[in-house]
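First up is the structure itself, then whatever we jot down about it.
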Amino acid sequence: MLEAIDIKKSFSSDGKVVPVLEGISLKLDAGDYVSIVGRSGSGKTTLLNVISTLVRPDSGEITYEGVDLASVPESHLNGLRKSDFSVIFQFHHLLPYLTVLENTLLPFMNSLKPVSRQIEARALECLVRVGLADKARRLPGSLSGGEQQRVAIARALVKSSKILFADEPTGSLDQQTGDTIMELLAELHRDGMTIVMVTHEMEYARLADRIVEIEDGRIVH
Ligand SMILES: Nc1ncnc2c1ncn2[C@@H]1O[C@H](COP(=O)(O)OP(=O)(O)OP(=O)(O)O)[C@@H](O)[C@H]1O
Ligand SMILES: [Mg+2]
Numbered sequence: 018m019l020e021a022i023d024i025k026k027s028f029s030s031d032g033k034v035v036p037v038l039e040g041i042s043l044k045l046d047a048g049d050y051v052s053i054v055g056r057s058g059s060g061k062t063t064l065l066n067v068i069s070t071l072v073r074p075d076s077g078e079i080t081y082e083g084v085d086l087a088s089v090p091e092s093h094l095n096g097l098r099k100s101d102f103s104v105i106f107q108f109h110h111l112l113p114y115l116t117v118l119e120n121t122l123l124p125f126m127n128s129l130k131p132v133s134r135q136i137e138a139r140a141l142e143c144l145v146r147v148g149l150a151d152k153a154r155r156l157p158g159s160l161s162g163g164e165q166q167r168v169a170i171a172r173a174l175v176k177s178s179k180i181l182f183a184d185e186p187t188g189s190l191d192q193q194t195g196d197t198i199m200e201l202l203a204e205l206h207r208d209g210m211t212i213v214m215v216t217h218e219m220e221y222a223r224l225a226d227r228i229v230e231i232e233d234g235r236i237v238h
């Protein structure tokens, strides 16, 4: 489904070039559930951003359903991000002036036409699933960090995408809410969604079919 081959990525800071990914290869088959672990700063978020096409690698190849993503125009990548990929960011990226429901509907918002009743109903259903139905009309600023995280998760759920990229989806949540989110991911996986999850909690990483460990820019397991 998605294959990354020998991915390299460096960042420059203070005039120095710092390598972050030093030749990472990863293959995802449809229906896979993979977790990515590694210490803070090891490059997990960078890897997720590269394979979800948000960041271009310096070198290496990414193919998605047989298509080399380096060779397609940005508009094609945009289409893929809209239709096939959902991303839960480590820092939730909610828009402060939109309500919880509107933030959840964001993937469907288009200034030209209003969101259909059907999609709004689906968004509300996703808010129920993450336990936020009663806060649909609130603004993110009036929610706790964990609640904001759950809005971001609902937003990713409302699209029926093929791959979910989740960066520390339980990062700022207590154990019980974290467990609920992991149950949601397991449910999506059972429904056939391909999932790549970054986590630093081994207990959650083990729920995936496969664990990939990054150290010094390379996969060590
Ligand atoms: N845009 C950037 N510019 C410069 N350096 C960056 C940039 N993004 C990431 N880095 C550096 O790359 C390294 C890896 O960062 P990354 O966010 O991928 O780590 P991570 O494994 O997700 O860490 P954490 O567990 O803390 O989220 C870090 O040293 C970071 O400072
Ligand atoms: Mg990170």
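The numbering of the sequence shown is this note's numbering, which starts it at 18 and goes up by one.
Every residue, glycine too, gets a C-beta built ideally from N, C-alpha and C.
The structure presented is a predicted model; accordingly, all values stated were derived computationally and were not measured.
Which residues count as close to ligand 2 when the rule is a CB under 7 Å from any of its heavy atoms, in chain order?
61, 62, 107, 184, 185 and 215
Between 169, 23 and 121, which has its C-alpha nearest residue 75's C-alpha?
Translated into positions along the sequence shown, residue 75 becomes position 58. Cα-wise, what sits closest to residue 75 is 23.
Taking C-beta to C-beta, are residue 171 and residue 132 nearer than 7 Å?
Translated into positions along the sequence shown, residue 171 becomes position 154. Translated into positions along the sequence shown, residue 132 becomes position 115. Not in contact: residue 171 and residue 132 (Cβ atoms no closer than 7 Å).
Does any residue of chain B have a CB that is nearer than 7 Å to the CB of residue 210?
Of the protein chains in the structure, only one exists, and it is not chain B.
Cβ-Cβ separation, residue 118 to residue 167 (assumed contact under 8 Å), whole Å:
Your numbering for residue 167 matches position 150 in the sequence shown. Your numbering for residue 118 matches position 101 in the sequence shown. Not confirmed; about 13 Å, so no contact.
Which one of 174, 203 and 206 has the shortest CA to CA distance from residue 100?
For the purposes of this step, residue 100 is identified with residue 83 of the sequence shown, where counting begins at 1. Nearest C-alpha to residue 100: 174.
If we ignore side chains and look at the alpha-carbon of each, how far apart do residue 88 and residue 122 end up?
Within the sequence shown, the letter at position 71 stands for residue 88. Within the sequence shown, the letter at position 105 stands for residue 122. Cα to Cα, residue 88 sits roughly 31 Å from residue 122.
Rounded to whole angstroms, what's the CA-CA distance from residue 52 to residue 33? Just pull it up for me.
Working through the sequence shown from its first residue, we reach residue 52 at position 35. Working through the sequence shown from its first residue, we reach residue 33 at position 16. Going from the Cα of residue 52 to the Cα of residue 33 covers about 31 Å.
Would you report the Cα separation of residue 199 and residue 187, rounded to the nearest angstrom?
Within the sequence shown, the letter at position 182 stands for residue 199. Within the sequence shown, the letter at position 170 stands for residue 187. Going from the Cα of residue 199 to the Cα of residue 187 covers about 8 Å.
Assuming residue 38 is part of the beta strand (DSSP E), what are its boundary residues?
For this step, residue 38 is matched to residue 21 along the sequence shown. Note, residue 38: beta strand (DSSP E), 33-45.
With distance defined between alpha-carbon atoms, name the residue in 50, 64 and 194 nearest to residue 226.
Within the sequence shown, numbered from 1, the residue matching residue 226 stands at position 209. The candidate whose alpha carbon is nearest that of residue 226 is 50.
Residue range of the alpha helix (DSSP H) that includes residue 221:
Along the sequence shown, one-based indexing puts residue 221 at 204. 219-222 is the extent of the alpha helix (DSSP H) around residue 221.
CB-CB length for residue 59 against residue 232, believed under 8 Å:
Locating residue 59 in the sequence shown gives position 42, counting from the first residue. Locating residue 232 in the sequence shown gives position 215, counting from the first residue. Indeed, because the Cβ distance is near 6 Å, the residues count as touching under 8 Å.
Residue 184 burial status per 10 Å Cβ neighbour count (16 or more: buried):
Taking the first residue of the sequence shown as position 1, residue 184 is located at position 167. Buried: at least 16 other Cβ atoms inside 10 Å.
Could you tell me which whole beta strand (DSSP E) segments of length 3 or greater appear in the segment 116-201?
180-184
Ligand 1 heavy atoms versus the CB of residue 188: any closer than 6 Å?
Start at 1 with the first residue of the sequence shown, and residue 188 comes out as number 171. No, since every heavy atom of ligand 1 falls outside the 6 Å radius drawn around the Cβ of residue 188.
Using 8 Å as the threshold, is the segment 25-45 in touch with the segment 95-115, meaning 3 or more CB pairs across them?
Cβ pair count under 8 Å is below three, so no.
If you measure from the CB of residue 213, is any heavy atom of ligand 1 nearer than 6 Å?
On the sequence shown, position 196 is the one that residue 213 refers to. No, since every heavy atom of ligand 1 falls outside the 6 Å radius drawn around the Cβ of residue 213.
Taking the C-alpha atoms as reference points, what is the distance between residue 169 and residue 21?
Taking the first residue of the sequence shown as position 1, residue 169 is located at position 152. Taking the first residue of the sequence shown as position 1, residue 21 is located at position 4. Looking at the two C-alpha atoms, the distance is approximately 26 Å.
Where the alpha helix (DSSP H) containing residue 51 begins and where it ends
Taking the sequence shown and counting its residues from 1, one reaches residue 51 at position 34. Run containing residue 51: none in the alpha helix (DSSP H); it sits in the beta strand (DSSP E), 50-54.
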